Amino acid sequence: MLMEVAMFTLIKNAHIYAPADTGCQDLLLAGRKIVHMAPSIGELPFDCTVIDVSGAKVTTGFIDQHIHITGGGGEGSFATRVPEIQLSQLTTAGTTTVIGLLGTDGVTRSMENLLAKARGLEEEGISTWIYSGAYPADSGHITGTLRSDIVLIDKILGGKVAMSDHRSSMPSTQAYASLAAEARIGGMLSGKAGVLHIHMGDGKRGLEPVLEILETTELPISVFRPTHVNRNPMLYKQTIQFALQGGIIDLTCGMTGSAIPVPQAVKQALDAGVPLERLTLSSDGNGSMPKFNENNELIGLTAAAPRYLYEEMLSIVKAGVLPFDKALQLITCNVADALKLEDKGRIAVGKDADLIVWNDDLTLNKVFARGRLMVDEGQAVVKGTFEN
1 MLMEVAMFTL IKNAHIYAPA DTGCQDLLLA GRKIVHMAPS IGELPFDCTV IDVSGAKVTT
61 GFIDQHIHIT GGGGEGSFAT RVPEIQLSQL TTAGTTTVIG LLGTDGVTRS MENLLAKARG
121 LEEEGISTWI YSGAYPADSG HITGTLRSDI VLIDKILGGK VAMSDHRSSM PSTQAYASLA
181 AEARIGGMLS GKAGVLHIHM GDGKRGLEPV LEILETTELP ISVFRPTHVN RNPMLYKQTI
241 QFALQGGIID LTCGMTGSAI PVPQAVKQAL DAGVPLERLT LSSDGNGSMP KFNENNELIG
301 LTAAAPRYLY EEMLSIVKAG VLPFDKALQL ITCNVADALK LEDKGRIAVG KDADLIVWND
361 DLTLNKVFAR GRLMVDEGQA VVKGTFEN
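What the sequence shown shows, in the UniProt record's numbering, is residues 1 to 388, in sequence order.
Written out as structure tokens, the structure is:
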């Protein structure tokens with residue numbers, strides 16, 4: 001069902017992190033948009049809901065660019081398919097924009113189902129996009145090709161594929177290049193980001209196929225968006241070099257085993273000279289977190305929580321790697337810029353009214369998505385259609 005939004009909302013005495021610290025401001029929301037921002041907005045000549053946040057931090061909502069909204073998993077047979085995500089799992093974690101995708105299972109999970117789930121979540125109140133494809137390079141696309149999916153379907157920003165992973169389809173470097181070209185041309189024709197979102201596994205080649213493509217073809221580095229890059233030290237070393245050449249890399253929250261913890265990974269990249277703008281962070285939320293032995297046999301399985309995004313951002317701050325406003329960039333404006341989401345990622349006039357009001361202890365008090373209050377006092381006040 002379509003959610004009602006208060007026509008006008010005035011948020012007073014907000015300490016704005018846009019994500020840069022811009023001091024104390026009042027914000028006027030009209031429908032889904034921020035329409036005015038000033039140090040003090042006086043009495044208005046129309047009915048308006050007024051919320052005084054008394055100097056609390058206010059940031060834009062989080063953007064999670066790698067989340068399994070239809071559920072991931074399946075590596076341990078049918079009972080290990082992670083269920084679909086619920087709206088309040090996202091909003092109570094501060095996430096107001098998601099980019100959904102498929103994973104290992106592109107058989108019992110489909111692109112049509114993913115698109116429908118994205119549209120459903122948007123009807124419930126948040127903003128959604130998706131990637132077309134799954135782990136195999138020859139995944140089925142809704143319109144027949146990745147290029148036409150990006151051009152013809154509004155919610156598709158780019159493609160998805162797995163690399164250097166025993167669950168991939170073991171494509172050749174040429175097959176990866178062809179898929180990247182499809183994404184690029186689709187983006188050019190549609191005005192979208194047109195990226196190839198690459199699930200990176202533990203395989204010994206690591207990022208080599210991408211590096212080879214960059215040396216031997218005309219494809220620009222901006223097409224390739226590797227994720228899970230902090231999975232192991234060897235892969236991360238390659239990825240830092242990729243970022244130093246101009247690439248954008250995506251760190252994954254909550255990884256265990258040989259993975260590099262997010263605060264340490266951010267520090268390593270910055271110390272190596274990678275600009276902060278080339279780093280993003282995603283949760284892999286609602287996807288499986290399988291554990292394999294040395295023979296690539298499944299020996300354990302858990303599901304990732306969307307809340308990891310918020311928690312890992314705070315872990316960067318608490319570790320002293322970045323101050324609050326800079327850490328916010330990893331899950332707000334950096335992602336919006338990387339994916340050409342012009343209405344997202346910042347608090348500014350004309351942007352979508354995706355907002356978080358923080359408590360002093362850095363827990364989340366209120367969450368607005370497109371101008372609607374979704375969370376109040378840390379509790380979901382708007383729930384999904386089938387949530388109790």
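We put the CB at the ideal spot given by N, CA and C, even for glycine. Owing to the predicted nature of the structure, the values given are computational and were not obtained by experimental measurement.
Residue i and residue j closer than 9 angstroms at C-beta
i, j, result
"Leu114", "Ile85", "no"
"Gly194", "Ser148", "no"
"Ala369", "Ser127", "yes"
"Arg119", "Lys155", "yes"
"Pro306", "Ala93", "yes"
"Tyr351", "Thr60", "Note that residue 351 is Lys in the sequence shown, not Tyr. Cβ atoms of Lys351 and Thr60: closer than 9 angstroms."
"Gly303", "Gly72", "In the sequence as presented, Gly is not what sits at residue 303; that position holds Ala. Taking 9 angstroms as the Cβ cut-off, Ala303 and Gly72 qualify as a contacting pair."
"Pro226", "Thr216", "no"
"Ala243", "Leu214", "no"
"Ala338", "Gln65", "yes"
"Ile67", "Thr95", "yes"
"Leu270", "Asn334", "no"
"Val266", "Val321", "yes"
Sequence-distant residues of the same chain with beta carbon closer than 6 angstroms to residue i, five excluded per side
i, result
"Ser54", "Asn13"
"Tyr176", "Pro209"
"residue 402", "Since the first and last residues shown for the chain are 1 and 388, residue 402 lies out of range."
"Val35", "Leu28"
Contacts around residue i, its chain only, beta-carbon distance under 8 angstroms, and the 5 residues preceding and following it disregarded
i, result
"Leu10", "Asp26, Leu27, Leu28, Leu29, Ile41, Leu44, Cys48, Thr49, Val50 and Ile51"
"Met37", "Ile16, Gln25, Asp26, Leu27, Leu28, Ile347, Ala348 and Val349"
"Leu201", "Note that residue 201 is Gly in the sequence shown here, rather than Leu. If we look at Gly201 and ignore the five residues flanking it on each side, its Cβ neighbours are Ala162, Met163, Ser164, Asp165, His166, Arg167, Ser168, His228 and Arg231."
Buried versus exposed, by CB contacts within 10 Å (16 or more), residue i
i, result
"Tyr17", "buried"
"Leu362", "exposed"
"Leu2", "Only weak support exists for where Leu2 lies, its pLDDT of 49 falling under 50; the value from the coordinates is given anyway. Under this definition Leu2 is an exposed residue."
"Ala46", "The amino acid at residue 46 is misidentified as Ala; the sequence shows Phe. It is exposed - the Cβ of Phe46 has fewer than 16 other Cβ atoms within 10 Å."
"Ser132", "buried"
"Lys204", "exposed"
"Met163", "buried"
"His166", "exposed"
"Pro19", "buried"
"Asn296", "exposed"
"Pro263", "buried"
"Val107", "exposed"
Spatial neighbours of residue i in its chain, beta-carbon cut-off 7 angstroms, leaving aside the 5 residues before and after
i, result
"Lys117", "Ile69, Thr70, Glu84 and Gly100"
"Phe224", "Ala180, Leu196, Ile198, Val210 and Gly247"
"Met234", "Gly206"
"Lys57", "His15, Tyr17 and Trp358"
"Gln329", "Pro19 and Leu276"
Chain B within 9 angstroms of residue i, Cβ atoms only
i, result
"Leu87", "As a matter of chain content, chain B is missing from the structure shown, which is built from one protein chain."
Residue i: CB within 8 angstroms of a non-hydrogen atom of the ligand MN
i, result
"Gly257", "Looking at this structure, you won't find the ligand MN or any other ligand, since it has none at all."
- request: State whether the stretch 270 to 287 contacts the stretch 244 to 256, with contact taken as three or more CB pairs (one from each stretch) at a distance under 8 angstroms.
  value: yes
Determine, using beta-carbon pairs with one atom in the stretch 168 to 176 and one in the stretch 136 to 151, whether at least three such pairs fall under 8 angstroms. yes
Only counting runs of 4 or more residues, tell me where the alpha helix (DSSP H) segments fall wholly within the UniProt domain "Amidohydrolase-related" (264 to 373), in order along the chain.
308 to 318, 324 to 329 and 333 to 338
*asked:* Count Cβ pairs between the stretch 305 to 313 and the stretch 191 to 210 that sit closer than 8 angstroms; are there 3 or more?
replied: no
Notebook entry, point to check: Can you give, in chain order, each stretch of the beta strand (DSSP E) that sits fully within the stretch 205 to 256 and has at least 3 residues?
Noted result: 224 to 227 and 249 to 252
| message | Quick check on the DSSP output: what are the complete beta strand (DSSP E) runs of length 3 or more inside the stretch 42 to 126, in order along the chain? | response | As for any beta strand (DSSP E) of minimum length 3 sitting wholly inside the stretch 42 to 126, the runs are 49 to 52, 57 to 60, 62 to 67 and 95 to 100, ordered along the chain.
(Q) Measuring CB atoms only, is the stretch 312 to 321 touching the stretch 287 to 296, in the sense that at least three cross pairs come out at less than 8 angstroms? (A) Per the Cβ contact rule, the stretch 312 to 321 is not in contact with the stretch 287 to 296 (fewer than 3 Cβ pairs under 8 angstroms).
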